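A.B. asks: Please find one structure pasted underneath; my questions will follow.
In the UniProt record's numbering, the protein residues as written are 1 to 124.
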């Protein structure tokens, strides 16, 4: 069977479509190193944690340590209140992005199926 130049070009085009790089469905986000320490310093939690750690190492528990623990709890609560709206708003955005990626992959899959079908028709 001889191929015309148009048939060869069409076959090469189909082969290129079939070799499109595959990408993972969901990319895992790597946690940023230092993000926790940045958050701790931003809310001035380091001095409290260090003071509590020093008291724990010495084995001393007094009113000052209890006050430090209470203050740490209060600041942590404020951190949660400040971060909660951001966490809630980022989740739908992430889901929306994942849905868009899924639709893109479905479109690519459909294109590959069509290309395979056309290729089979040409071969038969």
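For glycine and all other residues, C-beta sits at the position ideal for the given N, C-alpha and C.
For clarity, every value in this text was computed on a predicted model and none was experimentally measured.
#1: For residue 25, which three-state DSSP category applies?
#2: Would residue 46 and residue 75 be called neighbours here (beta carbons separated by less than 8 Å)?
#3: In this structure, how does DSSP classify residue 61 when only helix, strand and coil are distinguished?
#4: Pop quiz: residue 61 and residue 55 are said to be a contact at Cβ under 8 Å. What is the actual Cβ separation, rounded to whole angstroms?
#5: Residue 127 and residue 49: beta carbons closer than 8 Å?
C.D. replies: Concretely, from the data shown:
#1: By 1-based counting over the chain shown, the position of residue 25 is 25. With a pLDDT of 40 at residue 25, under the threshold of 50, the modelled position of this residue cannot be trusted, and the question is left open.
#2: Residue mapping note: residue 46 aligns to position 46 of the chain shown, counting from 1. Residue mapping note: residue 75 aligns to position 75 of the chain shown, counting from 1. Residue 75 sits away from residue 46, with the two beta carbons spaced by 8 Å or more.
#3: Position 61 of the chain shown, counting from 1, holds the residue named residue 61. Correct three-state label for residue 61: coil.
#4: The residue you call residue 61 lines up with position 61 of the chain shown. The residue you call residue 55 lines up with position 55 of the chain shown. The pair is a contact, with the Cβ atoms about 7 Å apart (cut-off 8 Å).
#5: This structure cannot settle anything about residue 127, because the visible part of the chain is limited to 1 through 124.
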